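In my numbering, the protein residues as written are 16 to 118.
The beta carbon of each residue, even a glycine, is placed where N, CA and C say it ideally should be.
Keep in mind the model is a prediction, meaning the values are calculated, not measured.
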Amino acid sequence: NEPTDDFILNVALKSTSSQIGVVSKGQGGFQTAYLSMRAPNGIPVNSAWKKEDPDKVRRPARVHSKVRDIIQEYDFMFITERMDECVVALQLLLNVSVVGSST
16 NEPTDDFILN VALKSTSSQI GVVSKGQGGF QTAYLSMRAP NGIPVNSAWK KEDPDKVRRP
76 ARVHSKVRDI IQEYDFMFIT ERMDECVVAL QLLLNVSVVG SST
């Protein structure tokens, strides 16, 4: 298949794979569902919202709790939009010299 915009959007929006796509089965969004696979009990299907009413969050406290569980699984999180700052922060936390690194 040609990697056209239409093809990419079709795969991203219609995929139900836990490895690709952007749509989850009512689990709080693709990244939340993907990352919660390691969190205790994951996020049950249609527990964050119903397919019929995707604009209304169901049980927001439960979704927040799962996001907290996910965050607690990590020692350090990089923010792509702040990659440079994250690398510097990690260097400081690990007490790694920045000599020889390009800035």
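Item	Value
Distance between V26 and R97 (C-alpha atoms, nearest Å)	28 Å
For D68, the three-state DSSP class (helix, strand or coil)	strand
Exposed unless 16 or more other CB atoms sit within 10 angstroms - verdict on S112	exposed
Euclidean distance between Cα positions of I85 and L50	7 Å
7 Å Cβ shell around F93 - same chain, five flanking residues per side excluded	C101
Three-way DSSP call (helix, strand, coil) for R83 in this model	helix
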